[in-house]
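Numbering (full-length UniProt numbering), first residue to last: 1 to 462.
Every residue gets a Cβ at the ideal spot worked out from N, C-alpha and C, and that includes glycine.
A quick note: this is a predicted structure, and the numbers were derived from the prediction, not measured.
Quick notes on the structure that follows.
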């Protein structure tokens, strides 16, 4: 696929989006990294010798085989027999039936298939892959579903000199949006975070990315340690925003079980090994400085950790937060798919799909069974309501009455404790308008984890 075949202009107008059929995204997980960062709990594995031992051909074929299985699953409107098949044959896009070992599945004609709105190559470090991997996967997705005219194709990358040299090849492969893991512009903090690049390499990667890709975003982590002051962070963020080109992701450092930082925080080997993590008050002050500094530069907080100029919001991330559908392929990936629709109750049969984590076992399963799916889980009505709230209140736009009913199967007034909603609105955490729906304020977004358990209507005890 040539780089000109996918247009990257994304729109996020709520009314326009809700009139469309829910978006379909594809997440492709590349599990390999050149080093393991001490704060990262993603499904990642060390690629020794710069990744020279990775079987790119086998990974690519496994991605394509699994995509074919998901196409059959969606075309059959969710026939579970698709994921019981032992066939690894890849059907042509015009195929109308496929036979498994137990049943014959009627497939949806190509004209009725949803087109793909976004693809996200995440990891791990997908920029370690050969560009041909992305090119083949994108061409295969195009053959199976086709792309929307303004589809967004994102790839995560690290700003090391070796990977930056491949950026032009990734662009030619079809990637039109680059997301760079900068994390800090401070040399000492990059070392503390276990990053392999320098501030100078990060700056070069950002500038080169802007020359090559229509859209570029990069990540920064703040609240890194107790010595980070609000003023130091504000100056660093101002410098970063001056480099940004429409989108930036700003995350607080979180301590995830199983990571080196988590062990140092809760089970240090010695007093000197203890992680100097900031207290809650400092984290809150840094968060407030983040929101205000970004706003002053013209970047609105459209999600808890994501900031954009109008029209530059991440289309793929909005699929997640709007509880729409995405296919997740690759080791440890997960997805969310809707089948057997019935009127406005579109997500009555929403399913979570979870992949085998270990790359070698995932590839073995794909080669033997035609897919690497480990578990499919029906999302029950209570979970759908909770999902709609959790995702909808992560974004500044909130959740509309139509979208809430579509996902939860009931209205906002039926599902939530409206007295509590009114109380939280009076306290400045939420805004509820019957026609527009429910949305968080900046204060509410900061305290979302504490607010969510308060919202559902409790069953009557009488």
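- The straight-line gap separating the alpha-carbon atoms of residue 73 and residue 240 is approximately 43 Å.
- Going by beta carbons, residue 166 and residue 131 fall inside the 8 Å limit.
- In chain order, 261, 264 and 265 place their CB closer than 6 Å to the CB of residue 275, counting only its own chain and leaving out the 5 sequence neighbours on each side.
- Around the beta carbon of residue 314, 16 or more other beta carbons lie within 10 angstroms, which makes this residue buried.
- Below 8 Å, too few C-beta pairs join the segment 141–152 and the segment 46–62 to call them touching: fewer than three.
- Cβ contact annotation for residue 153 (same chain, cutoff 6 Å, sequence separation greater than five): 6, 119, 174, 175 and 176, in chain order.
- The segment 220–233 makes contact with the segment 279–296; the number of CB pairs closer than 8 Å reaches 3 or more.
- Three or more Cβ pairs drawn from the segment 21–38 and the segment 318–331 lie within less than 8 Å of each other, which places the two stretches in contact.
- At a cut-off of 4 residues, the continuous stretches assigned as alpha helix (DSSP H) that sit fully inside the segment 346–390 are 359–369.
- A check of alpha carbon separations from residue 351 across 246, 244, 62 and 80 identifies 80 as the nearest.
- Taking 4 residues as the minimum length, the alpha helix (DSSP H) runs contained wholly in the segment 221–309 are 230–243, 260–266 and 280–296, in order along the chain.
- Linking residue 32 to residue 365 through their CA atoms gives a straight-line distance of about 18 Å.
- Selection 221, 272 and 185 evaluated against residue 205 yields 185 as nearest (Cα-Cα).
- Look at residue 407 here: in three-state DSSP terms it is helix.
- The C-beta distance from residue 23 to residue 117 rounds to 4 Å, short enough to fall under 8 Å.
- With contacts defined by Cβ atoms closer than 8 Å, residue 252 and residue 289 do not form a contacting pair.
- Comparing C-alpha distances from residue 172 to each of 200, 158 and 212 shows the shortest one belongs to 212.
- For residue 58, same chain residues with a beta-carbon under 7 Å away, outside a window of 5 residues either side, are 363 in chain order.
- Judged by beta-carbon spacing, residue 376 lies within the 8 Å limit of residue 83, meaning their Cβ atoms are closer than that value.
- Residue 304 and residue 455 do not touch by the CB rule: their CB atoms are close to 17 Å apart, not below 8 Å.
- Boundaries of the alpha helix (DSSP H) around residue 74: 56–75.
- Contact annotation: residue 396 and residue 439 have beta-carbon atoms nearer than 8 Å.
- One alpha carbon belongs to residue 129, the other to residue 56, and they sit about 7 Å apart.
- According to the DSSP assignment, residue 335 belongs to the beta strand (DSSP E) that extends over 334–338.
- Separation of residue 271 and residue 44 (C-alpha to C-alpha, rounded to the nearest whole angstrom) is 29 Å.
- One alpha carbon belongs to residue 216, the other to residue 134, and they sit about 18 Å apart.
- Under the DSSP definition of a beta bridge, residue 45 partners with 32.
- Under the DSSP assignment, residue 321 falls outside any beta strand (DSSP E), being part of the alpha helix (DSSP H) whose first and last residues are 315–321.
- Using a 10 angstroms sphere on the CB of residue 458, the tally of other CB atoms stays under 16, which defines it as exposed.
- The residues 223 and 226, in chain order, have a CB closer than 6 Å to that of residue 278 in the same chain once the five nearest residues on each side in sequence are set aside.
- Annotated three-state conformation of residue 421 is helix, per DSSP.
- Counting along the chain, the unbroken alpha helix (DSSP H) around residue 142 starts and ends at 131–144.
- Comparing alpha-carbon positions, the option among 138, 179 and 356 lying closest to residue 122 turns out to be 179.
- Taking the Cα positions, residue 383 is about 18 Å away from residue 450.
- As computed with DSSP, residue 157 is found in a beta bridge with 180.
- Where residue 190 is concerned, the enclosing alpha helix (DSSP H) starts and stops at 187–192.
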